[in-house]
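S.K.:
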Amino acid sequence: MIDKNSPLPIYYQIQEMIRKKIDTAEWEPGDMLPSERIFAEDFDVSRMTVRQAVTELANEGLLHREKGKGTFVAEPKIEQPLQGLTSFTEDMKARGLAPGSVLIQYTLRTAPLKVSEKLQANTDVPVYEIKRIRLADDVPMAYERTFINSAIVGELPEDIENRSIYYFLEKEKGFKIGDGEQTFEASLANTEEAGRLDINEGDPILLIQRITYLEDGTPLEYVKSAYRGDRYKFTIKMPR
Ligand code: GLP
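Using my numbering, the letters of the sequence shown correspond one by one to residues 922 to 1161.
#1: Less than 8 angstroms between the C-beta atoms of I1157 and L1003, yes or no?
#2: Could you give the C-beta distance for E996 and P950, rounded to a whole number, given that I count them as a contact under 8 angstroms?
#3: Once you ignore the five residues that flank G866 on each side, which residues in its own chain have a CB closer than 8 angstroms to its CB?
#4: May I ask you to report which of helix, strand or coil DSSP gives Q1004?
#5: Would the segment 1114-1125 count as touching the segment 1135-1155 if we require 3 or more Cβ pairs under 8 angstroms?
#6: Just to confirm, are I1098 and L1109 a CB contact at a threshold of 8 angstroms?
#7: Roughly how many whole angstroms lie between the Cα atoms of D1124 and T1067?
#8: With which residues is D1100 paired in a DSSP beta bridge?
#9: Helix, strand or coil for K1016? Go by DSSP, reduced to three states.
#10: Determine, using beta carbons only, whether T970 and I935 come nearer to each other than 8 angstroms.
#11: Would you please state the rounded distance, in angstroms, between the beta carbons of Y1064 and G1101? I believe it to be under 8 angstroms.
#12: For S1022, count the other beta carbons within 10 Å of its own beta carbon; 16 or more makes it buried, fewer makes it exposed. Which is it?
In structure tokens, the structure reads:
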């Protein structure tokens, strides 16, 4: 299957061969790839060449390596269209996945300076600081640090863990969420994020910050989320 006389580099031919096996579902998510040694012997190429092919596919997110275990076919990424302001719960349900959370922290405190600026509030305003690991079918997808202005929303329920905050505010409290502003940045997981997301420190993440406003323009929440780079991709429709 490898043509050494082809102008296409050998690593590239191996890479495309692996890609084809995944595309045609001959290899499925979770399947372990043959070791570099076996690959190299089968194709009569160097292990370095095999490693290059595998590394590129791992960088693309098609394969993932587990230290001391091997290389596996990755789960396909969750593709999230960026249209409209949605909650994590809504996003997961729209994909047929079960949303869930693990509550790491839930405190009422005075706003840190940066948060008070984002919420256009005084530094002594009480805010809820909520840290949640967001799950899809029990797998960690994102680690979210949410600050909500309690002077605006009043009391939040004790049992926030497996509830949708947007659902609670809109359907149970009658708030009208208007719009949001969001930024995306590439980043690398720090120790805390890696631990919460079940990935390695230094793995790629998407850092997302959102300020959500009520219909009358009042800032409601400021959220910093770390989404797993290997599990997520965002799509946007761009009318010209
Ligand atoms: C997304 C947003 C957050 C928002 C959350 C609400 O994850 N990035 O800014 O707070 O949705 O989700 P839920 O209503 O499921 O609690």
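For every residue, glycine included, the Cβ atom is placed at its ideal position computed from N, Cα and C. What you are looking at is a predicted structure, and each value in this text was computed from that prediction instead of being measured.
M.R.: Well, looking at it:
#1: yes
#2: 5 angstroms
#3: The first residue shown for the chain is 922 and the last is 1161, placing residue 866 beyond what the model contains.
#4: coil
#5: yes
#6: no
#7: 22 angstroms
#8: Y1134
#9: Position check: residue 1016 holds Arg in this sequence, whereas Lys was assumed. Here R1016 sits in coil by DSSP.
#10: yes
#11: The Cβ separation is near 19 angstroms, so there is no contact.
#12: buried
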